[in-house]
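*Asks:*
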Amino acid sequence: MRAGDLLRQLDQRLLPRLATVLTRFDQGPARSSLLGWVAVLSCAAVLFTAVLATGGPPLPDRTVGEVTRVGIADGDSIPGYERTAAADLAELARGASLADGTYALVSLSEYLTPQSLAAVVGDVGVSFVFGRVPLPDRQTEIVRIPAQRLPDDVTAGMAELAERKEREAAEYRSRAAALGGGGPQERELRQLYASGARLAEQEAAAYRASCACVYALVVRAEPAVLRGVAARPGVRVVDPAPEVRRLERTVFTPPLPEQRDVARPPVDRDLLPGPTPSAEPETTVPSPGPAPAESRVPAAPEVTDSSPSPAVSPVPTSAPPATPATSTDALSEGDAEPTP
């Protein structure tokens, strides 16, 4: 029943009775008090009717704070993940048909250029792609690029990434030039800045050339269509995710094409600690064994995903830096911001 119809019925039933009562109390001191109560009851009736007609107060969003994870976690077996994802896809295809389709994480067996993606996914709807510049022995940044139109959106996203990487390289070189002092710590930090600048320049050049850097996609399609995608050349595994409702609250972690056994962050040779000569003076007294050399390297700069960021602590620490974990938690909206 609509709110207007309900109010009309209330008027037809209550107004005649109220008129009779008001006529009796037309002459008397209780008239003003009665009118006040009538006004209060009328307002309450209107509010009650409005709430009843709209179905009650709006329900809170129960997904606030919840994060859905799709993909493989660091340290997990990649062959095991592939078998589980294939079994989930087969089970989903045998089950009830999903008219609106379902999201799925499509991992590729090799890095592809933006122009090569259309041959892999065909006319399947794409939400975004994952990419990184596959430089040997370097832990480059994992990025997430919105891509509803292939290959145009991916190419445009790479162009924005190239501009950002060029700014990062310039910032690294500026910080290296402004760094004073000639001590061991300053020299090591200056070398770290120079390494970050070279890496950012290499990434910028690769993205500017629309490199073969894409290794995963997030798509949406019916289970039968997803099985067809899984059978196409170049597709490593399709991991269906019917539990995903909101992409902005989902973290996708596809395996890297070069990794075949266990998922792990790529090793970066410039972040590995190197031994330095021992600071202990030599003595003529024999010792049971050589004194351990102190490994002193500067702390790695603060990182965005898996590549260094210009924001650094001015004083390096003596503890060797841990290899930063790659992540895709952050979205790449607008300026193709990386995701960890």
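255 is the number of the first residue of the sequence shown in our numbering; add one for each residue after it. Where is the CB? At the ideal position from N, CA and C, for every residue including glycine. If you're wondering where the values come from, they're calculated on a predicted model, not measured in any experiment.
Assuming V321 is part of the alpha helix (DSSP H), what are its boundary residues?
*Replies:* Premise fails: V321 is in no alpha helix (DSSP H) and is neither H nor E.
*Asks:* Using a Cβ-Cβ cutoff of less than 7 Å, which residues in the same chain neighbour G385 once the five nearest sequence positions on both sides are dropped?
*Replies:* V397, I399, C467, V468, Y469
*Asks:* Run the CB neighbour count on S363, radius 10 Å, all protein chains shown included, and call it buried at 16 or more, exposed below.
*Replies:* It is exposed - the Cβ of S363 has fewer than 16 other Cβ atoms within 10 Å.
*Asks:* Does DSSP put P364 in a helix, a strand or coil?
*Replies:* The question names Pro, yet the displayed sequence has Glu at residue 364. Looking at E364 - three-state DSSP - the assignment turns out to be strand.
*Asks:* Would you mind stating whether L433 and E422 have Cβ atoms separated by less than 7 Å?
*Replies:* no
*Asks:* From this set, R490, E425, A424, which residue's C-alpha is nearest L359's C-alpha?
*Replies:* R490
*Asks:* Please classify P487 as buried or exposed, where buried requires at least 16 other C-beta atoms within 10 Å of its C-beta.
*Replies:* P487 comes out exposed.
*Asks:* Do R523 and L453 have their C-beta atoms closer together than 7 Å?
*Replies:* no
*Asks:* For L433, does the three-state DSSP call read helix, strand or coil?
*Replies:* coil
*Asks:* Quick test of the definition: if touching needs 3 or more C-beta pairs under 8 Å, does the segment 366-380 touch the segment 336-350?
*Replies:* no
*Asks:* Between which two residues does the alpha helix (DSSP H) harbouring I332 extend?
*Replies:* 332-348
*Asks:* Between the alpha carbons of V473 and E414, how many angstroms are there, rounded?
*Replies:* In this structure, the CA atom of V473 is about 23 Å from the CA atom of E414.
*Asks:* Could you give the C-beta distance for V498 and Y335, rounded to a whole number, given that I count them as a contact under 8 Å?
*Replies:* Actually they do not touch by this definition, with Cβ atoms about 17 Å apart.
*Asks:* Put E534 into one of helix, strand or coil per three-state DSSP.
*Replies:* Summary for E534: the model assigns pLDDT 39, below 50, so the residue's position carries little reliability, and this model does not support an answer.
*Asks:* Compute the Euclidean distance between the alpha carbons of Q402 and L389, then round it to the nearest angstrom.
*Replies:* 27 Å
*Asks:* If you draw a straight line from the C-alpha of G355 to the C-alpha of P496, how long is it?
*Replies:* 8 Å
*Asks:* CA-CA distance, A617 and L371?
*Replies:* Summary: the structure shown does not reach residue 617, with the chain confined to residues 255 through 594, and so no result is reported for it.
*Asks:* Buried or exposed: P333, going by 16 or more other Cβ atoms within 10 Å of its Cβ?
*Replies:* exposed
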